[in-house]
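Encoded as structure tokens, the structure appears first; notes follow it.
In our numbering, the protein residues as written are 270 to 483.
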């Protein structure tokens with residue numbers, strides 16, 4: 270529909286008469302090309318003589334579309350020069366209605382590819398921020414050596430090939446068992462989620478059985 274006009278379409282499609290378009294451009298107040306142009310330098314000059322420029326916006330949304338017409342104070346005319354002879358010329362002024370179209374859309378729809386692209390971009394930015402922060406605290410900050418003790422954990426080979434590697438694994442496991450036993454003796458096991466009811470962690474019990482079989 271046109272803003273300010275009524276009944277501008279028919280069964281063959283959108284058909285807009287010039288008089289309805291001009292009336293809508295003036296706010297539906299019944300304006301016409303024969304009305305006086307107040308912006309003209311000459312008195313008693315009509316829009317038909319000076320020419321009229323109408324900005325026509327086509328706005329789409331999920332319910333359909335509409336035309337919004339507004340008039341401009343810019344006149345619409347074309348001048349052409351005809352030479353009758355070498356000393357005289359004729360200037361022709363052609364006036365009319367100039368339409369400037371502009372379309373905008375408010376239609377929104379879900380796009381899975383846009384969602385995936387947004388998520389991937391977000392994860393990439395988070396990963397980059399984490400990398401920059403870790404690099405700063407590990408290699409630039411004054412307490413980088415202390416921070417490395419908590420970030421980097423060195424574990425022995427759990428499938429040792431040599432006697433030396435088996436010795437290192439046994440020492441590490443023994444130290445872990447002592448630490449866990451001390452925690453359970455202090456009652457920490459009752460506060461830990463999934464703690465073993467007998468005070469022995471399932472992983473620790475499995476390691477003990479493995480040592481007994483060995």
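For every residue, glycine included, the Cβ atom is placed at its ideal position computed from N, Cα and C.
With C-beta atoms as the reference, is residue i less than 8 Å away from residue j?
i	j	result
residue 438	residue 426	yes
residue 322	residue 367	yes
residue 338	residue 294	yes
Expressed to the nearest angstrom, what Euclidean distance is found between the alpha-carbon atoms of residue i and residue j?
i	j	result
residue 326	residue 407	59 Å
residue 451	residue 428	27 Å
residue 462	residue 420	A caution first: residue 462 carries a pLDDT of 48, below 50, which makes its placement in the model unreliable, though a value can still be read off. Cα to Cα, residue 462 sits roughly 23 Å from residue 420.
residue 353	residue 359	7 Å
residue 334	residue 316	29 Å
residue 287	residue 365	11 Å
residue 343	residue 356	33 Å
residue 340	residue 369	10 Å
residue 383	residue 392	14 Å
residue 418	residue 380	46 Å
residue 435	residue 401	38 Å
residue 314	residue 328	33 Å
Less than 8 Å between C-beta atoms, sequence neighbours within five positions excluded: which residues of the same chain meet that for residue i?
i	result
residue 363	346, 347, 348, 349
residue 377	331
Can you tell me where the alpha helix (DSSP H) holding residue i begins and where it ends?
i	result
residue 381	381-408
residue 419	413-420
residue 435	432-454
Quick one: give me the first and last residue of the beta strand (DSSP E) that residue i is part of.
i	result
residue 317	Where residue 317 is concerned, there is no enclosing beta strand (DSSP E), although the alpha helix (DSSP H) it sits in stretches over 316-319.
residue 424	Looking at the DSSP string, residue 424 is not in any beta strand (DSSP E), and its letter there is neither H nor E.
residue 369	366-374
Hey, does residue i have any beta-carbon neighbour from chain C nearer than 8 Å?
i	result
residue 313	Among the chains of the structure shown, chain C does not appear; only one protein chain is present.
Which same chain residues, not among the five before or five after residue i, have their C-beta less than 7 Å away from its C-beta?
i	result
residue 459	With a pLDDT of 49 at residue 459, under the threshold of 50, the predicted position of this residue should be treated as unreliable, though the coordinate-derived value follows. There are no such residues.
Leaving out five residues before and five after residue i in sequence, what residues of the same chain have Cβ atoms less than 6 Å from its Cβ?
i	result
residue 319	306, 309, 344
Buried or exposed for residue i, going by 16 or more other Cβ atoms inside 10 Å?
i	result
residue 290	buried
residue 453	buried
residue 292	buried
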